[in-house]
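Enquirer:
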Amino acid sequence: MAKITSDLNLYNTADRAVSKFVPLSPGKVGIYLCGATVQAPPHIGHIRSGVNFDILRRWLTAIGYDVTFVRNVTDIDDKILHKAVHEEIPWWAVAMKYERAFSDAYAALNVMPPTYEPRATGHITQMIQLMEKLIANGSAYAPGNGDVYLEVRKLKSYLTLSNQKLDDLQSAEDADLTYKKDPSDFALWKAAKPGDPSWPTPWGDGRPGWHLECSAMAHAYLGEAFDIHGGGLDLIFPHHENEIAQSESAGWKFANIWMHNAWVTTSGEKMSKSLGNSLQVMEILKKVRGIELRWYLGSAHYRSMLEFSFEALEESAVNFRRIEGFLQRAREILKKEIEPSISSEFTTAMNNDLAVPQALADISELVRIGNTAITDNDLAALAKSASEVRGALEILGCDPFDPVFADSNSSKVEILDGLISLALEQRNAARARKDFAASDEIRDSLTALGITIEDTPTGSRWTVN
RNA sequence: GGUCGGAUGGCCGAGAGGCGAGGCUCAGGACUGCAAAUCCUGCUACACGGGUUCAAAUCCCGUUCCGACCUCCA
């Protein structure tokens with residue numbers, strides 16, 4: 019689309035500041051996003067992370083970068099094993115079931131499939147290689163029971179991302195020092211327990227620790243150094259600190275920039291599973307369309323907490339429908355597809371650490387200008403504003419004309435249009451003879467069916483609510 | 001105890017020394033046979049107490065309240 023702009027600025031958690039983005043390799047960006055542990059259906063907090071980083075990816079692509087986007091699936095984990103017992107199905111069936119649930123949710127919200135979507139269990143070889151390296155150079159140790167630990171006190175630096183001191187941490191009250199040299203040492207690999215799945219290693223049968231997976235997979239797909247590592251705020255410690263510890267101990271540069279999205283909150287608190295099922299993506303999609311949920315989740319700045327309520331969701335959907343309605347009217351009036359383009363205001367906003375709220379203000383202004391152009395019958399001005407609105411929505415993943423969001427009953431829409439046109443002909447005949455009782459009766463009947471009629475200078479148009 | 005973040009109008013949500021983001025709601029107006037849609041106008045806020053400054057929502061000091069992480073959470 020556009021040529022690469024050199025003035026994208028991003029916030030880096032590592033130095034708590036916004037700075038100019040400089041790719042490691044000109045024209046290319048590698049991103050690793052910590053994806054889901056597939057042990058439950060996704061709630062809107064999970065999917066917000068997906069949406070936020072999807073917007074980042076789309077913007078990087080729009081300004082000309084060749085983006086490699088990796089989002090992993092953690093398909094082996096304590097919770098998955100527990101769930102398998104609870105649901106009385108194999109652990110791998112649990113993982114597959116919820117991986118599909120996540121995929122469905124991502125698809126419903128138009129989150130693009132990652133370039134690569136590695137599963138942890140598919141990368142045991144790379145993990146063993148990494149552990150061999152860490153043990154060989156003295157960073158890690160295998161106490162003999164099948165576990166492998168990283169020895170954090172040997173690190174030249176640790177906890178730099180969260181800016182903590184090792185000795186300030188509240189020590190785990192139940193740290194088991196049978197095998198660990200220090201309570202802070204963390205498991206790279208966990209010895210097999212009877213009945214649990216396991217893989218053979220030189221140190222005994224076992225399964226991967228969470229942190230090790232991500233280092234191994236990021237390395238496998240993006241190399242020893244890559245541009246952006248993302249995830250939720252709550253992953254900073256311990257997960258990302260431990261990824262850094264392992265990867266730097268292996269001699270890798272690892273991530274250049276760390277980006278973290280904030281949570282969706284309810285009553286000011288981080289969402290938790292105790293809230294039940296009501297905030298699962300698929301439940302909310304019974305109330306609003308996918309494009310509307312995406313608009314809502316994307317509308318706050320990615321580093322700000324988003325306080326969820328159904329009222330706010332509905333308000334946001336109303337706002338979106340106004341913009342969508344404008345684009346539909348514009349297409350009808352212009353009698354052609356609207357070519358997306360990027361306004362300079364939108365570019366400025368997005369280059370400022372993805373200032374989506376600022377971009378939204380610009381979109382509102384463009385819609386107002388466009389609607390005024392419709393009133394003034396200024397087709398050139400209408401085409402320009404509609405084009406810039408569509409271009410912005412495309413980056414935000416909310417283009418109403420995107421086939422992803424197309425009505426699956428499009429063939430029936432034509433039939434519906436024919437039927438409603440018949441009714442509107444009757445109504446217009448009644449209006450022509452000033453028989454408003456009859457014309458209103460037709461309109462009321464249509465309204466009762468959920469069809470809204472608008473009379474415009476060029477005739478009546480209809481929309482389904 | 002350590003680390004990090006937050007408090008903005010009826011609601012959501014930006015901004016980060018001056019010129020009042022934007023949306024939603026509500027009220028009034030224009031247009032319309034009436035509506036709908038659209039446009040215009042109005043309602044105009046920065047937790048509290050000090051301080052710095054010509055000027056503070058924004059910077060500094062203090063206070064209150066809320067939240068997150070501290071070893072497998074997006």
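The numbering used here puts the first sequence at residues 19 to 483.
From the three backbone atoms N, C-alpha and C, an ideal C-beta is built for every residue, glycine too.
Do residue 72 and residue 129 come within 8 Å of each other at the CB atom, strictly closer than that value?
Expert: Contact: yes.
Enquirer: I want to know whether the region 272-284 touches the region 243-253 - three or more CB-CB distances under 8 Å.
Expert: The answer is yes - the region 243-253 touches the region 272-284, with three or more Cβ pairs under 8 Å.
Enquirer: What span of residues does the beta strand (DSSP E) with residue 411 cover, start to end?
Expert: Element bounds for residue 411: not the beta strand (DSSP E) but the alpha helix (DSSP H), 397-414.
Enquirer: What is the DSSP secondary structure of residue 321, counted as helix, strand or coil?
Expert: Of the three classes helix, strand and coil, the one that applies to residue 321 here is coil, per DSSP.
Enquirer: Measure the alpha-carbon distance for residue 125 versus residue 131 and round it to whole angstroms.
Expert: Using only the alpha carbons, I get a separation of about 8 Å.
Enquirer: Given that a residue counts as buried once 16 or more other Cβ atoms are within 10 Å of its Cβ, and exposed if not, what is residue 271?
Expert: Exposed: under 16 other Cβ atoms inside 10 Å.
Enquirer: Tell me whether the beta-carbon of residue 61 lies closer than 8 Å to the beta-carbon of residue 298.
Expert: Result yes, Cβ atoms of residue 61 and residue 298 sit closer than 8 Å.
Enquirer: Just verifying my parser: in three-state terms, what is the DSSP assignment at residue 171?
Expert: In this structure, residue 171 counts as helix in the three-state DSSP scheme.
Enquirer: Residue range of the alpha helix (DSSP H) that residue 116 falls in?
Expert: From DSSP, the alpha helix (DSSP H) with residue 116 extends over 109-126.
Enquirer: With 16 other CB atoms within 10 Å as the buried threshold, where does residue 100 fall?
Expert: Exposed, since its Cβ has fewer than 16 Cβ neighbours within 10 Å.
Enquirer: With 16 other CB atoms within 10 Å as the buried threshold, where does residue 90 fall?
Expert: Buried, because 16 or more other Cβ atoms sit within 10 Å of the Cβ of residue 90.
Enquirer: Under a Cβ-count criterion, where at least 16 other Cβ atoms within 10 Å of its own Cβ denotes burial, should residue 25 be classed as buried or exposed?
Expert: Exposed: under 16 other Cβ atoms inside 10 Å.
Enquirer: Give me, in chain order, the residues of the same chain whose beta-carbon lies closer than 7 Å to that of residue 203; leave out the 5 immediate sequence neighbours on both sides.
Expert: Closer than 7 Å at Cβ, skipping near neighbours: 167, 168, 169 and 170.
Enquirer: Please classify residue 356: does DSSP put it in a helix, a strand, or coil?
Expert: DSSP places residue 356 in coil when its eight states are reduced to three.
Enquirer: Using a 10 Å radius around the Cβ and a threshold of 16 neighbouring Cβ atoms, would you call residue 81 buried or exposed?
Expert: Residue 81 is buried by the Cβ-count criterion.
Enquirer: Could you check if residue 183 is buried or exposed, using at least 16 other CB atoms within 10 Å of its CB as the buried criterion?
Expert: It is exposed - the Cβ of residue 183 has fewer than 16 other Cβ atoms within 10 Å.
Enquirer: Throw me the rounded Cβ distance for the residue 222 and residue 208 pair, which I believe falls under 8 Å.
Expert: 10 Å between Cβ atoms; not a contact.
Enquirer: Between residue 356 and residue 345, how many whole angstroms is the CB-CB distance? I'm expecting something under 8 Å.
Expert: Contact flag correct, Cβ pair sits at about 7 Å.
Enquirer: Tell me, to the nearest whole angstrom, how far the beta carbon of residue 243 is from that of residue 78; I am working on the premise that it is less than 8 Å.
Expert: Incorrect: roughly 17 Å between the Cβ atoms, too far for contact.
Enquirer: Taking all protein chains shown into account, do 16 or more other C-beta atoms lie within 10 angstroms of the C-beta of residue 19, making it buried, or fewer, making it exposed?
Expert: Here the model assigns residue 19 a pLDDT of 48, short of 50, so the residue's position is not dependable and the matter cannot be decided.
Enquirer: List the DSSP bridge partners of residue 249.
Expert: According to DSSP, which records beta bridges pairwise, residue 249 is partnered with 278.
Enquirer: Rounded to whole angstroms, what is the Cα-Cα separation between residue 214 and residue 153?
Expert: Distance between the alpha carbons of residue 214 and residue 153 is about 25 Å.
Enquirer: Could you pull the start and end residues of the beta strand (DSSP E) that residue 488 belongs to?
Expert: Given that the chain is displayed from residue 19 to residue 483, the structure contains no residue 488 and the question cannot be resolved.
Enquirer: Just curious, the beta strand (DSSP E) that residue 225 is in, first and last residue?
Expert: Unbroken beta strand (DSSP E) run through residue 225: 224-226.
Enquirer: First and last residue of the alpha helix (DSSP H) that includes residue 457?
Expert: Run containing residue 457: 454-466, per the alpha helix (DSSP H) assignment.
Enquirer: Measuring straight from C-alpha to C-alpha, what distance separates residue 260 and residue 56?
Expert: C-alpha separation (whole angstroms): 21 Å.
Enquirer: May I ask you to report which of helix, strand or coil DSSP gives residue 38?
Expert: Note: residue 38 maps to strand in three-state DSSP.
Enquirer: Report, in whole angstroms, the separation of the C-beta atoms of residue 358 and residue 409, which I expect to be a contact under 8 Å.
Expert: About 4 Å; that satisfies the 8 Å criterion.
Enquirer: Taking contact to mean 3 or more Cβ pairs, one atom from each stretch, closer than 8 Å, check whether the region 438-447 and the region 456-471 are in contact.
Expert: Touching, per the Cβ criterion.
Enquirer: State the DSSP-derived secondary structure class of residue 182, mapped to helix, strand or coil.
Expert: The answer is coil: DSSP assigns residue 182 none of H, G, I, E or B.
Enquirer: Count Cβ pairs between the region 142-150 and the region 224-239 that sit closer than 8 Å; are there 3 or more?
Expert: Yes, the region 142-150 is in contact with the region 224-239.
Enquirer: Rounded to a whole number of angstroms, what is the C-alpha to C-alpha distance between residue 230 and residue 206?
Expert: About 5 Å.
Enquirer: Just how far apart, CA to CA, sit residue 307 and residue 218?
Expert: Taking the straight line from one Cα to the other gives about 47 Å.
Enquirer: Going by DSSP, name the residue or residues bridged to residue 61.
Expert: For residue 61, which the question treats as bridged, DSSP gives the partners 298.
Enquirer: In this structure, does DSSP put residue 91 in helix, strand or coil?
Expert: DSSP places residue 91 in strand when its eight states are reduced to three.
Enquirer: Quick check: what's the CA-CA separation for residue 326 versus residue 156?
Expert: Rounded to the nearest angstrom, the two C-alpha atoms are 47 Å apart.
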